[in-house]
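Below is one structure, written out as structure tokens, with a few remarks after it.
In my numbering, the protein residues as written are 69 to 250.
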């Protein structure tokens, strides 16, 4: 009887450790990364969208400031793993009213959210705790042009907030970014 119980216990432990629902190596179940949305032309680096007050710096990161080895792969993985949730966002609700028709016309699929070629947008430190953060940007598909404003180009953008100390992406921001090319 003891042997049967021991075998059953071992089998249960093996099944639990092999299942995707077990855990991520610590005592906390894996949670999906939080996604926030930001309206077009609205500042996205503030505490309302990032949940943190961060003093941002642009430009390259000095290796003495932080080791970002592997951060770009984590950002790419975070975006692609959230692809179905990112594709389901109501992007027309984030759009400027004049571009609503063009925003609605872009049909997004989860395969559009690859995270490929994400780049560092800014780096900074928390205002109260001096924790180090990096904000990565990924440019997605371009929205169709407005027929009366052909110089205006708009893209779907996803920003990834990367916690340098924890070596993880803590939040994704979905928005629309545009520019006028004259």
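Where a beta carbon is used, it is the ideal one built from N, C-alpha and C, also for glycine.
Looking at residue i: is its Cβ nearer than 7 Å to the Cβ of residue j?
i           : j           : result
residue 181 : residue 157 : no
residue 190 : residue 124 : yes
residue 129 : residue 237 : no
residue 139 : residue 227 : no
residue 178 : residue 205 : no
residue 103 : residue 162 : no
residue 101 : residue 192 : no
residue 108 : residue 164 : yes
Could you say which of the options lies nearest to residue i if we only look at CA atoms?
i           : options            : result
residue 119 : 245, 241, 249, 247 : 241
residue 221 : 249, 239, 202      : 249
residue 225 : 112, 101, 99, 100  : 112
residue 211 : 233, 176, 200      : 176
residue 159 : 137, 208, 127      : 208
residue 152 : 137, 183, 110      : 183
residue 136 : 187, 117, 105      : 187
residue 239 : 223, 219, 202, 246 : 202
residue 233 : 198, 185, 126      : 198
residue 195 : 115, 110, 99, 106  : 115
Could you please give me the residues that DSSP links to residue i through a beta bridge?
i           : result
residue 122 : 194
residue 243 : 225
Can you tell me where the beta strand (DSSP E) holding residue i begins and where it ends?
i           : result
residue 229 : 220 to 231
residue 103 : 102 to 105
residue 249 : Per DSSP, residue 249 belongs to no beta strand (DSSP E) and is neither H nor E.
residue 99  : Note, residue 99: premise wrong, no beta strand (DSSP E); not H, not E.
residue 202 : 200 to 210
Give a yes or no on whether 7 Å exceeds the smallest Cβ distance from residue i to chain C.
i           : result
residue 199 : Absent from the structure: chain C. Only one protein chain is present.
Where do the N-terminal and C-terminal ends of the alpha helix (DSSP H) with residue i fall, by residue?
i           : result
residue 141 : 139 to 149
residue 171 : 168 to 173
ask   = Pairing CB atoms from the stretch 168 to 175 with CB atoms from the stretch 206 to 215, are three or more of them under 8 Å?
value = Between the stretch 168 to 175 and the stretch 206 to 215, the count of Cβ pairs shorter than 8 Å is three or higher; the stretches touch.
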